[in-house]
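Q: These protein sequence lines are chains C and P, in that order.
Note that UniProt numbering numbers the first sequence so that position 125 is 125, with each residue one more than the last.
Note that UniProt numbering numbers the second sequence so that position 40 is 40, with each residue one more than the last.
First, the structure itself, so that you have it in front of you.
Number of protein chains: 2
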Amino acid sequence: MADTRQRLIDGAIETIRAHGLTGTTARSIAATAGVNQALVFYHFGTVHDLLQAACLAATRARVQPFADQLGKITDLRQLLALGRTLHTAERAEGNVMVLAQLLAGAQTDPKLAEATAASLQLWITPIEDALTRLLAGSPVAELIDTAGLARAVSAGFIGLELYEGVDPEGAQAALDALDRLAVLIEVVDDLGPVAVRALRAKLRKTAKNRI
Amino acid sequence: MADTRQRLIDGAIETIRAHGLTGTTARSIAATAGVNQALVFYHFGTVHDLLQAACLAATRARVQPFADQLGKITDLRQLLALGRTLHTAERAEGNVMVLAQLLAGAQTDPKLAEATAASLQLWITPIEDALTRLLAGSPVAELIDTAGLARAVSAGFIGLELYEGVDPEGAQAALDALDRLAVLIEVVDDLGPVAVRALRAKLRKTAKNRI
DNA sequence: GTCTATAACGAGATAGAC
DNA sequence: GTCTATCTCGTTATAGAC
């Protein structure tokens with residue numbers, strides 16, 4: 001069957017989720033997928049190549065519904081709320097954790113690094129689009145780098161997922177704190193031209209100090 | 001010699017840094033440490049136990065000088081600047097990366113989870129102290145949860161380290177964006193009572209919506 | 001405490017029947 | 001495309017000499 005490939009990809013994702021990257025082998029993947037171990041090599045050549053395919057597949061499956069919800073958002077705090085929803089869902093489903101595991105593995109594996117960077121980009125792009133849209137009419141828009149912020153949000157989210165795995169209460173506290181922090185941005189936004197002038201002055205001073 | 005233990009711990013850290021957690025075995029550790037492979041088991045019983053010891057050691061070695069620098073900081077943007085300095089230093093030295101690798105491994109290993117949670121706490125505590133101190137006289141102090149924020153910062157930093165490994169330019173952009181974001185907090189701080197009143201109102205409204 | 005040697009096993013990968 | 005069988009190597013861990 002042609003869907004053996006798919007079963008192996010799904011098996012790889014599930015195995016990483018359950019046993020981590022260190023517990024993910026051709027044998028354990030095949031067992032989870034319910035197929036013969038040799039088929040890993042027939043279809044993908046090496047275990048590494050299968051992991052690369054699984055990395056992109058796991059991300060694509062999760063990003064699409066997330067991107068749809070992002071499109072409906074109207075303010076920054078809703079973005080954070082969506083982040084929390086995603087976080088809760090991922091604790092049950094766990095595809096972001098799969099990406100986190102592969103990201104760790106990618107640190108010493110250039111090929112896997114390409115795949116994980118591409119997967120992360122799948123998250124970053126819709127987030128950046130949402131940020132740009134939300135800040136379009138705002139006076140602080142010109143002062144915020146949406147491209148960089150989207151990357152910081154995505155990378156930070158991965159870090160929080162990993163942290164949640166070893167200290168769930170701490171991760172909850174972290175998310176609560178970020179919730180409160182997001183309010184600051186909206187307040188500055190609401191304050192209008194006064195705050196923006198103050199911001200511009202601050203940023204100019206900052207730029208000078210940096211050089 | 002009694003310092004064989006230490007050489008093994010250092011070897012473990014260096015091996016994780018160079019080859020990742022998947023490439024870290026009793027043999028590779030011993031080779032890096034320049035000692036016999038059997039000594040891993042004589043001194044630590046199992047590879048896992050050595051990794052736990054290495055996790056705490058790697059963190060303790062890095063946290064102390066960082067905590068000292070934290071004590072000299074006088075505003076939030078200096079905190080972010082220190083974060084950048086740390087980030088640059090860690091790219092060369094790489095102990096945070098070791099923690100990130102172990103954190104990924106800890107997701108499916110309760111014993112390692114304990115060790116990594118404890119290690120993360122070593123970072124979180126001085127950061128929380130610094131935040132509390134910096135915000136002591138500020139009007140926004142009561143509106144910010146320093147405990148949660150310190151956790152978010154620490155976890156987010158780990159995520160950025162991992163992201164840097166697969167997309168260095170993206171990570172730089174992310175850090176730049178956070179730099180700009182930090183200015184927002186200071187501006188609100190400078191605006192004084194007006195902004196604080198606006199914040200309080202926002203937070204009250206938020207609390208209602210949450211319930 | 002440190003070494004050699006080795007047991008016991010699981011890993012990636014391949015050959016070849018079907 | 002799928003299976004069994006197997007090769008080769010690296011893995012954890014231990015036994016026992018020194």
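Ideal placement from N, C-alpha and C gives every residue a C-beta, glycine not left out.
Nearest by alpha-carbon distance to Thr25/C: which of Leu51/C, Gln6/C, Thr4/C, Leu135/C is it?
A: Leu51/C
Q: Please specify which runs of the alpha helix (DSSP H), each continuous and at least 4 residues long, are wholly inside the segment 151-202 of chain C, giving them in chain order.
A: The segment 151-202 of chain C contains these whole alpha helix (DSSP H) runs: 168-191.
Q: Checking contacts by CB at 8 Å: is Arg7/P closer than that to chain C?
A: no
Q: Beta-carbon of Ile29/P versus every beta-carbon of chain C: anything under 8 Å?
A: No, because no Cβ of chain C sits closer than 8 Å to the Cβ of Ile29/P.
Q: Name the chain C residues whose beta carbon is nearer than 8 Å to that of Gly45/P?
A: The contacting residues do not exist; Gly45/P stays about 18 Å from chain C at best.
Q: Skipping 5 residues on each side, what residues in its chain have a beta carbon closer than 6 Å to that of Leu79/C?
A: Counting only residues of its own chain and dropping the five nearest sequence neighbours on each side, Leu79/C has a CB closer than 6 Å to the CB of Ile73.
Q: Extract the residue ranges of the alpha helix (DSSP H) inside the segment 27-66 of chain P, only unbroken runs of 4 or more that lie entirely within it.
A: 38-44
Q: Just the C-alpha distance for Leu191/C and Asp145/C, rounded to the nearest angstrom, thanks.
A: In a straight line, the C-alpha of Leu191/C is about 20 Å away from that of Asp145/C.
Q: How far does the alpha helix (DSSP H) with Val140/P in it extend, from its first residue to its last?
A: Premise fails: Val140/P is in no alpha helix (DSSP H) and is neither H nor E.
Q: Using a Cβ-Cβ cutoff of less than 7 Å, which residues in the same chain neighbour Ala130/C once the five nearest sequence positions on both sides are dropped?
A: Leu70, Ile73, Leu79
Q: In the DSSP assignment, find the unbroken alpha helix (DSSP H) run with Gln78/C in it and report its ends.
A: 76-93
Q: Which term fits Asn95/C, buried or exposed, when burial requires 16 or more other beta carbons within 10 angstroms of its beta carbon?
A: By the 10 Å Cβ count, Asn95/C comes out buried.
Q: Alpha carbon to alpha carbon, what distance is there between Ile158/C and Cys55/C?
A: 14 Å
Q: Can you tell me whether Ile211/C is helix, strand or coil according to DSSP?
A: Residue placement at Ile211/C is poorly supported in this model, since its pLDDT is 47, which falls under 50; the coordinates are not used for a value here.
Q: Distance, Cα to Cα, Ala100/C vs Gly45/P?
A: 29 Å
Q: One question on the structure: do Thr59/C and Leu112/C come within less than 8 Å of each other, judged by their Cβ atoms?
A: no
Q: Would the segment 135-154 of chain P and the segment 158-177 of chain C be scored as touching if the rule is three or more Cβ pairs under 8 Å?
A: yes
Q: Over the uninterrupted alpha helix (DSSP H) stretch that includes Gly11/P, give me the two end residues.
A: Note, Gly11/P: alpha helix (DSSP H), 4-19.
Q: The ligand MN heavy atoms versus the CB of Arg197/C: any closer than 7 Å?
A: The ligand MN is not part of the structure shown, which contains no ligands of any sort.
Q: Considering Leu131/P, what are the terminal residues of the alpha helix (DSSP H) in which it resides?
A: 110-135
Q: How many whole angstroms separate the CB atoms of Leu199/P and Arg84/P, which I take to be in contact at a CB cut-off of 8 Å?
A: That belief does not hold up - the Cβ atoms of Leu199/P and Arg84/P are roughly 27 Å apart, past 8 Å.
Q: Among Arg5/P, Arg27/P, Thr4/P, which has the Cα closest to the Cα of Thr15/P?
A: Arg27/P
Q: Using a Cβ-Cβ cut-off of less than 8 Å, list which residues of the segment 74-85 of chain C approach chain P; keep chain order.
A: So the close ones are Arg77.
Q: Determine the closest residue to Ala67/P out of Ala81/P, Ala89/P, Gly23/P, Thr125/P, with distance taken between C-alpha atoms.
A: Thr125/P
Q: Which residues in chain C sit within 9 Å of His19/P, going by Cβ to Cβ distance?
A: Under the 9 Å cutoff, chain C gives Thr108.
Q: Does the beta carbon of Gln52/C come closer than 8 Å to any beta carbon on chain P?
A: no
Q: Beta carbon of Asp167/P, beta carbon of Ala182/C: below 8 Å?
A: no
Q: The segment 124-147 of chain C: which residues have C-beta closer than 7 Å to a C-beta of chain P, in chain order?
A: Interface annotation for the segment 124-147 of chain C against chain P: Leu143, Ile144, Asp145, Ala147, criterion Cβ-Cβ distance under 7 Å.
Q: Put Gln107/C into one of helix, strand or coil per three-state DSSP.
A: coil
Q: Which chain C residues sit within Cβ distance under 9 Å of Glu93/P?
A: Going along chain C, no residue has its Cβ under 9 Å from Glu93/P, so there is no contact; the nearest lies around 15 Å.
Q: DSSP state of Gly23/C, grouped into three classes?
A: coil
Q: Count the other CB atoms, across all protein chains shown, that sit within 10 Å of the CB of Glu142/P; report buried if there are 16 or more and exposed otherwise.
A: exposed
Q: Output, in sequence order along the chain, the residues in the segment 180-196 of chain P whose CB is closer than 8 Å to any CB in chain C.
A: When C-beta distances to chain C are compared with 8 Å, the residues of the segment 180-196 of chain P below that value are Arg180, Leu181, Val183, Leu184, Ile185, Glu186, Val187, Val188, Asp190, Leu191, Val194, Ala195, in chain order.
Q: Is Lys205/C helix, strand or coil when you go by DSSP?
A: helix
Q: Grab me the residues of Arg197/C's own chain with a C-beta within less than 7 Å of its C-beta, minus the 5 sequence neighbours each way, in chain order.
A: none
Q: What in chain P is Cβ-close to Gln101/C, meaning under 8 Å?
A: Ala104, Gln107
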